[in-house]
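Enquirer:
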Amino acid sequence: MNLRDKHLAHSLTETNRERKTGPIAPMKYGDERDILNATTPIVAKLLRGIAGKGFDFENSRRIDRNNAQSLWGACTFKIER
Numbered sequence: 006m007n008l009r010d011k012h013l014a015h016s017l018t019e020t021n022r023e024r025k026t027g028p029i030a031p032m033k034y035g036d037e038r039d040i041l042n043a044t045t046p047i048v049a050k051l052l053r054g055i056a057g058k059g060f061d062f063e064n065s066r067r068i069d070r071n072n073a074q075s076l077w078g079a080c081t082f083k084i085e086r
């Protein structure tokens, strides 16, 4: 949230949150997965409520995973000097 407030939604040198609590650790690799996993069920419920339709996010992830494995499994690399 602090990243969003400071760099995306506003152009701030310090957020209200930082003024109240002090420095906030920056996001690190892997945090995006936690955010995605936490928000996907919310998005699914909103989609069903607003559009009256559902979307199988888990099946989409499975398809993406299979496609990535097919792509990278077929790739070969040769390092030449």
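Read in order, the letters of the sequence shown are residues 6 to 86 in the numbering used here.
Backbone N, C-alpha and C fix where the C-beta goes; we use that ideal spot for every residue, glycine too.
(1) In chain order, which continuous runs of the alpha helix (DSSP H) of length 4 or greater are located wholly inside the stretch 25-75?
(2) Compute the Euclidean distance between the alpha carbons of residue 65 and residue 35, then round it to the nearest angstrom.
(3) What does the Cβ neighbour count give for residue 81, buried or exposed, with the cut at 16 atoms within 10 Å?
(4) Suppose you measure from the CA of residue 102 to the CA of residue 40; what does that come to, to the nearest Å?
(5) Candidates 85, 75, 8: which alpha carbon is nearest residue 33's?
Expert: Taking the structure as given:
(1) 36-56
(2) Here residue 65 corresponds to residue number 60 of the sequence shown, with the count starting at 1. Here residue 35 corresponds to residue number 30 of the sequence shown, with the count starting at 1. Those two C-alpha atoms are separated by around 20 Å.
(3) One-based indexing of the sequence shown puts residue 81 at position 76. So residue 81 ends up on the exposed side.
(4) No information on residue 102 is available, as it lies outside the stretch 6 to 86 that the chain covers here.
(5) Position 28 of the sequence shown holds residue 33. The shortest Cα separation from residue 33 among 85, 75, 8 belongs to 8.
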